[in-house]
Amino acid sequence: MPIDAHQEKLNFQAEVKQLLDIVVHSLYSNKEIFLRELISNASDATDKLRFESLSDPALYESDSNLAIRIHFDKDARTITISDNGIGMSCDEVVENLGTIAKSGTREFLARLTGDQKKDAHLIGQFGVGFYSAFIVADKVTVLTRRAGLSAEHGVRWESRGDGEYTVANVEKPARGTDVILHLKEDEQEFLDSWRLRNIVTKYSDHLNLPILMPKYTDDKKPTEEWETINRATALWALPKNAITPEQYKEFYKHISHDFEDPLTWTHHRIEGGNIEYTSILYLPAHAPFDLWQHEKHHGLKLYVQRVFILDQVEQFMPNYLRFVRGVIDTTALPLNVSREILQDHPAIPKLRSALIRHVLDLLDRIAQDEPEKYATFWKEFGNVLKEGPAEDFANRERIGKLLRFASTHADTAEQTVSFEDYVKRMKPNQKKIYYITADNFNAAKASPHLEIFRKNNIEVLLLADRIDEWVVSHLPEFDGKPLQSVAKGDLPLDEIVTEEAASKRPEEEKKEEMQQQEFDALIKKIKTLLDDKVKDVRLSHRLTTSPVCLVRDQNALGPQMERLLKAVGQPVTETKPILELNPDHLLVRRLREDVAEGQLNEWIHILYEEALLAEGGALPDPAAFVQRINKLWMEIFK
1 MPIDAHQEKL
11 NFQAEVKQLL
21 DIVVHSLYSN
31 KEIFLRELIS
41 NASDATDKLR
51 FESLSDPALY
61 ESDSNLAIRI
71 HFDKDARTIT
81 ISDNGIGMSC
91 DEVVENLGTI
101 AKSGTREFLA
111 RLTGDQKKDA
121 HLIGQFGVGF
131 YSAFIVADKV
141 TVLTRRAGLS
151 AEHGVRWESR
161 GDGEYTVANV
171 EKPARGTDVI
181 LHLKEDEQEF
191 LDSWRLRNIV
201 TKYSDHLNLP
211 ILMPKYTDDK
221 KPTEEWETIN
231 RATALWALPK
241 NAITPEQYKE
251 FYKHISHDFE
261 DPLTWTHHRI
271 EGGNIEYTSI
281 LYLPAHAPFD
291 LWQHEKHHGL
301 KLYVQRVFIL
311 DQVEQFMPNY
321 LRFVRGVIDT
331 TALPLNVSRE
341 ILQDHPAIPK
351 LRSALIRHVL
361 DLLDRIAQDE
371 PEKYATFWKE
381 FGNVLKEGPA
391 EDFANRERIG
401 KLLRFASTHA
411 DTAEQTVSFE
421 DYVKRMKPNQ
431 KKIYYITADN
441 FNAAKASPHL
451 EIFRKNNIEV
461 LLLADRIDEW
471 VVSHLPEFDG
481 KPLQSVAKGD
491 LPLDEIVTEE
501 AASKRPEEEK
511 KEEMQQQEFD
521 ALIKKIKTLL
531 DDKVKDVRLS
541 HRLTTSPVCL
551 VRDQNALGPQ
561 MERLLKAVGQ
571 PVTETKPILE
581 LNPDHLLVRR
591 LREDVAEGQL
601 NEWIHILYEE
611 ALLAEGGALP
621 DPAAFVQRIN
631 KLWMEIFK
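When we follow UniProt numbering, the leftmost residue of the sequence shown carries the number 1, and every step to the right adds one.
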């Protein structure tokens, strides 16, 4: 193939240089995966051709028998992986092989640690398997031509992985891509037919596409006859009992470009009803680095009657299940379906509902039967699943069963307590599920609002993730039990106190009436001093050791939700909290005494700001707070 005079020498993008070095040094312990990655890329290229040819059949160029071919040359020390898929134009070659055009590239590279196992996992998530070729090759040549372009628009890309690559125009009669690996001297093991066939069987037997190698004579000479070395049958179309766990795992790695095994999977074939489909759905073992990026695409591979149609079809999975990977093959959609048609096709809601049910069934099963596996899932994807109650009203109760939280029942910040666990431990007279939201676990655990609950041994869920208040706002009850924030509204003591304390309630009520009269004048003064900051001032039932706390109205936004909405630019109508006083606390009782007006003002503001800090709020004037504290210290040490 003659090289055009327009050959260019270009530099890799800086991130590619860094990535190449990491790939070669992180994955060398499992060198054979280079073949899996290159076969996977070739398979993707044929899938793209199938899809584009639905609207332009001429792209097949009289060759509709799609296949991947692998052969090697011992004398030249090369392995060639060829496909007759979509191919690439010159611009696409530079874009796909010389740069990383993904959002989040810097974040991805920053997370690489130098730990081979962890880095290999991240590299797989990032989907840059082509560069694994440099694990075994000291030079890689790519010959390609995009389907639909004429033979003179072929492109040759070549690099030694040293920071530079060349691109030249060549003549390439056949569409598709040839990747030629010039092996390093110590990689002779891959110049062997049995070794290559074994790798294909191990990693790529599941592909719905023939992988061909030359037949060899008895003296190991290649012939001109090619034979298929994989099953070339869609894995999902096989009976479940005919598929091994290893085949399921390798199929996952193929569709997800993950180097690690999935956590678990579920395989369904539905026939004879209104909607026929087959699906394999996987839960990854680890969250991808870009799970929280808004522009990140997610979804399933869509096949119609075993013909690949679209990749990352998001219509089948809600956003709170965006971590699910897999395929769906159905007869309910036309072969010429597009993303636009998918928006309105009547079969989509039915398929979506069924697939969501399969995932929730799978989560239910591992939560009950494999709690350690579910704990792994929750650690990686729990905060994503928490989006479910707001997004999927129909499955709100099912999702609620799957949620996990920390609680006062344990001293650990691990989120292991389910609503079902909590309900089983409720006191006989307890009617509500109590919780508190805070910016972090320690703040939730130390909140003064928990004091009366600790005294009476009532469990409280500690919700310390940013999304938690959003969750409970869309999940008002579970199993008929209302969810109640301990920092909102007034507390019904008859539901909280122990039986022994309940028997003493008449005495307590008399005491509360007397205290109300005793503190009436102080309460009026505080209302006047804090009129612009609080809605009301009252004596507290919930405090036992702290002097004061702030309480929100029952239906008001919590402070965490206010801050979250402000952070995303949403308008927030701020509501004043209620200041509650502990009438048994020495500080509060001293304020009833004959305290000078100016000193009373300082103490009241300090106590209010204390309460504000205790609920995770920010002081409106930190300097003034410090001055008040210093002034009081000076008076003490006079």
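For every residue, glycine included, the Cβ atom is placed at its ideal position computed from N, Cα and C.
Asked                                                                                                              : Found
Sub-8 Å separation of L181 and A133 beta-carbons                                                                   : yes
Proximity below 8 Å, CB of D211 to CB of T228                                                                      : Sequence inspection shows Ile at residue 211; the Asp mentioned does not correspond to that position. Yes, Cβ-Cβ distance for I211 and T228 is below 8 Å.
Where M514 falls: helix, strand or coil (DSSP)                                                                     : helix
Nearest-angstrom Cα separation, counted from A287 out to Y303                                                      : 25 Å
Classification of V626 by the beta-carbon crowding that lies within 10 angstroms, buried from 16 upward            : exposed
Bridge-paired residues (DSSP) for W603                                                                             : DSSP, once it has assigned bridges, lists no residue as partnering W603.
E610 versus L619: straight-line alpha-carbon distance, rounded                                                     : 9 Å
Buried/exposed call for D219, threshold 16 Cβ in 10 Å                                                              : exposed
Strand pairing of L579, partner residues [DSSP]                                                                    : V537 and L550
Limits of the alpha helix (DSSP H) - the one that R352 falls within                                                : A347 to D369
DSSP-derived helix/strand/coil call for D47                                                                        : helix
First through last residue of the alpha helix (DSSP H) which encompasses S256                                      : P245 to S256
For M213, three-class secondary structure by DSSP                                                                  : strand
Neighbourhood of P389 by C-beta, 7 Å cutoff - its chain only, sequence neighbours within 5 removed                 : R396, I399, G400, V471, H474 and L475
Spatial neighbours of A444 in its chain, beta-carbon cut-off 6 Å, leaving aside the 5 residues before and after    : I436, A438, L462 and A464
Exposed unless 16 or more other CB atoms sit within 10 angstroms - verdict on L20                                  : buried
Option in Q315, I458, Q430 and K249 with minimal Cα separation from R36                                            : K249
Outcome for residue 700 when other beta-carbon atoms lying within 10 angstroms are tallied against a minimum of 16 : This structure gives no information on residue 700, because the portion of the chain shown stretches from 1 to 638.
Alpha helix (DSSP H) segment containing P559, residue limits                                                       : P559 to A567
Limits of the beta strand (DSSP E) - the one that R269 falls within                                                : T264 to I270
Three-way DSSP call (helix, strand, coil) for E420 in this model                                                   : helix
F377 versus V327 - alpha carbon distance                                                                           : 20 Å
Where R325 falls: helix, strand or coil (DSSP)                                                                     : strand
Cβ-Cβ distance between N84 and R175 below 8 Å                                                                      : yes
A42 to H254 span [Cα, whole Å]                                                                                     : 11 Å
Inter-residue spacing [alpha-carbon to alpha-carbon] between L591 and H541                                         : 19 Å
Segments of 4+ residues assigned as alpha helix (DSSP H) that fall wholly inside the region 175-221                : 193-204
Rounded straight-line distance, which links the Cα of F478 to that of V359                                         : 21 Å
Q312 (DSSP reduced to helix, strand or coil)                                                                       : strand
Bounding residues of the beta strand (DSSP E) (the contiguous stretch that carries H71)                            : I68 to D73
Simplified DSSP state of M317, which is helix, strand or coil                                                      : coil
Range of the contiguous beta strand (DSSP E) that encloses S159                                                    : G154 to S159
Local Cβ density within 10 Å of T264, reported as buried at 16 or more and exposed below that                      : buried
Straight-line Cα distance separating S418 from A487                                                                : 21 Å
Nearest-angstrom beta carbon gap, D392 and P346 [assumed within contact, 8 Å]                                      : With 8 Å as the limit, P346 and D392 do not qualify as a contact, their Cβ atoms being about 20 Å apart.
Residue environment, R454, which counts as buried when at least 16 other CB atoms sit within 10 Å                  : exposed
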